[in-house]
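Novice: If you scroll down you'll find the structure; I have some questions about it.
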Amino acid sequence: MVSEWGTWLSKRFGGAWPLLVALSLAGALSVFAGVPLWQAALGWFVLAGLTLVADRTPMQSMPSMMQALEEPKAHDPVEDISATLDAMETAALLLDSEANLVFQNRASDRLLGALPVGAHVSARLRSPAVLDMVRETLATGKPNQIEHAERLPSQQVYIVRIAPIDLRRHEEKGQLYLLCFRDISELRRLDRMRSDFVANASHELRTPLASLRGFIETLQGPAKSDPKAQERFLSIMLDQSTRMSRLVDDLLSLSRLELKANVAPEGKVDLVPLLSHVRDSLVPLSEDLGVKINLHLPSAPVEVTGDRDELVQVFENLVENACKYGQDGERVDVLLKAEDSGPVEVTVEDHGPGIPSEHVPRLTERFYRVSVADSRSKKGTGLGLAIVKHILTRHRARLIVSSEVGKGSRFTVRF
Numbered sequence: 001m002v003s004e005w006g007t008w009l010s011k012r013f014g015g016a017w018p019l020l021v022a023l024s025l026a027g028a029l030s031v032f033a034g035v036p037l038w039q040a041a042l043g044w045f046v047l048a049g050l051t052l053v054a055d056r057t058p059m060q061s062m063p064s065m066m067q068a069l070e071e072p073k074a075h076d077p078v079e080d081i082s083a084t085l086d087a088m089e090t091a092a093l094l095l096d097s098e099a100n101l102v103f104q105n106r107a108s109d110r111l112l113g114a115l116p117v118g119a120h121v122s123a124r125l126r127s128p129a130v131l132d133m134v135r136e137t138l139a140t141g142k143p144n145q146i147e148h149a150e151r152l153p154s155q156q157v158y159i160v161r162i163a164p165i166d167l168r169r170h171e172e173k174g175q176l177y178l179l180c181f182r183d184i185s186e187l188r189r190l191d192r193m194r195s196d197f198v199a200n201a202s203h204e205l206r207t208p209l210a211s212l213r214g215f216i217e218t219l220q221g222p223a224k225s226d227p228k229a230q231e232r233f234l235s236i237m238l239d240q241s242t243r244m245s246r247l248v249d250d251l252l253s254l255s256r257l258e259l260k261a262n263v264a265p266e267g268k269v270d271l272v273p274l275l276s277h278v279r280d281s282l283v284p285l286s287e288d289l290g291v292k293i294n295l296h297l298p299s300a301p302v303e304v305t306g307d308r309d310e311l312v313q314v315f316e317n318l319v320e321n322a323c324k325y326g327q328d329g330e331r332v333d334v335l336l337k338a339e340d341s342g343p344v345e346v347t348v349e350d351h352g353p354g355i356p357s358e359h360v361p362r363l364t365e366r367f368y369r370v371s372v373a374d375s376r377s378k379k380g381t382g383l384g385l386a387i388v389k390h391i392l393t394r395h396r397a398r399l400i401v402s403s404e405v406g407k408g409s410r411f412t413v414r415f
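Each residue of the sequence shown is one higher than the last, beginning at 1 in UniProt numbering.
Now the structure itself:
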């Protein structure tokens, strides 16, 4: 009987029926306690009504609450795109269908300068080719790109690309376009260096090869029965073949150095005995040229991190150049400086004619010569200082060149 009443009350009043029964009992007790009947009845109806409302409201609002949780919140796609563009190193502009600026990332700000939102892209970009490309893409909706060069403040080359962004789920935003500037200046510079290198190497090899061919033809023809001419021509041919051999050796050295340019050496090298060895190996050359090599070395060992064979190559190259091109000064000084508070430095100083200032920044370029005739007469390949630069780069060291016309040159290796 009790369970039947409970079922009926549950159907009638839902989950609030126990509270309603409790309120009824409380009302009856309040009447027995002397509370007027009408006050007890009024209080019962008010509390019962609030109880029923509180019981039914959550159940009725639950579907709407669940629906609100399930529906994704609307967001601005431009904000998402802008956050992504700001993290890019490539300069990028977000444009609307009228080529007005919607967003500019930090890289673009550095490249082009700040452009106010809503301004037309032509307010900052003056290149007719870029603006024509933008107009074509706005008209056709197809991606486009061109190569664009800036000459001021320095030579820079960019791939400029524009493409529409698909925002079909957010049609109210209108069509947007992404304009990007990808810097390829370094790639172009490397391409030019590679082309110049191949051209210069071919030229350097062609000259001795042509000389050898000419002398061989002479020996086979007019000088076939002339022992004196044969002896003279064979001597020249030996010099030319030796020159080619040196050039090939230097080219191979450069290739090997480039392969391990990013791998720093780990061994320890004492520069004091190393520089003494370099001087001893070049004494025959210096005596033939009438040049004296003076060493200024500390008595204590001076160790640096490096590869001994490569450092020997560096200092042999620098001292040999000083002897050849500073021959007029009749002496070359090699100074090793090692102080506790400063870096280790080795300076090779000659007292010859010096180098004009306009040539100094380019001395380490491959095949660059201050005087082509002078270099060839001294049997130079034009690659010596390029090799020195590559070795020192691998050793995390620097080559500092200073020269004064008429007073000589100083080449300092700073570790």
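Cβ coordinates follow ideal geometry from the N, Cα and C atoms, glycine included.
(1) Using three-state DSSP, classify Ile184 as helix, strand or coil.
(2) Do you know offhand how far Gln156's Cα is from Thr393's?
(3) Between Arg333 and Glu204, what straight-line distance do the alpha-carbon atoms span, to the nearest angstrom?
(4) Quick check on Val248: does DSSP put it in helix, strand or coil?
(5) What three-state label does DSSP hand Ala229 in the structure shown?
(6) Using three-state DSSP, classify Gln175 as helix, strand or coil.
(7) Put Lys268 into one of helix, strand or coil per three-state DSSP.
(8) What does the alpha-carbon distance come out to for the pair Gln60 and Arg182?
(9) Under 6 Å Cβ to Cβ from Asp239, same chain only, skipping five residues before and after it: list those, please.
(10) Residue ranges of each alpha helix (DSSP H) run of no fewer than 4 residues wholly in the segment 304-383, ordered along the chain?
(11) With a threshold of 16 other CB atoms inside 10 Å of the CB of Lys324, please say whether the residue is buried or exposed.
(12) Taking Ala129 as part of the alpha helix (DSSP H), name the residues at either end of that continuous run.
(13) Please go through the same chain and pick out, in chain order, the residues whose beta-carbon is closer than 7 Å to the beta-carbon of Ala397, but skip the five residues on each side of it.
(14) Using DSSP with H/G/I as helix, E/B as strand and the rest coil, what is His277?
(15) Give me the Cα-Cα distance between Pro128 and Ser108, rounded to the nearest whole angstrom.
(16) May I have the straight-line CA-CA distance separating Ala68 from Ile162, to the nearest angstrom?
Specialist: This is what the structure holds:
(1) In the three-state reduction of the DSSP assignment, Ile184 falls in the coil class, being assigned neither a helical nor a strand state.
(2) 25 Å
(3) The sequence as given places Asp at residue 333; Arg does not occur at that position. Their Cα atoms are separated by approximately 32 Å.
(4) Looking at Val248 - three-state DSSP - the assignment turns out to be helix.
(5) helix
(6) coil
(7) strand
(8) At Gln60, the pLDDT of 45 sits below 50, so the modelled position is not reliable and the matter cannot be decided from this model.
(9) So the list is empty, once near-sequence residues are dropped.
(10) The segment 304-383 contains these whole alpha helix (DSSP H) runs: 308-325, 372-377.
(11) So Lys324 ends up on the buried side.
(12) Ala129 -> alpha helix (DSSP H) spans 128-140.
(13) Val413, Arg414, Phe415
(14) Correct three-state label for His277: helix.
(15) 19 Å
(16) Bear in mind that a pLDDT of 49 at Ala68, under 50, signals an unreliable position, so the number given afterwards is only what the model happens to contain. The straight-line gap from Cα to Cα measures roughly 39 Å.
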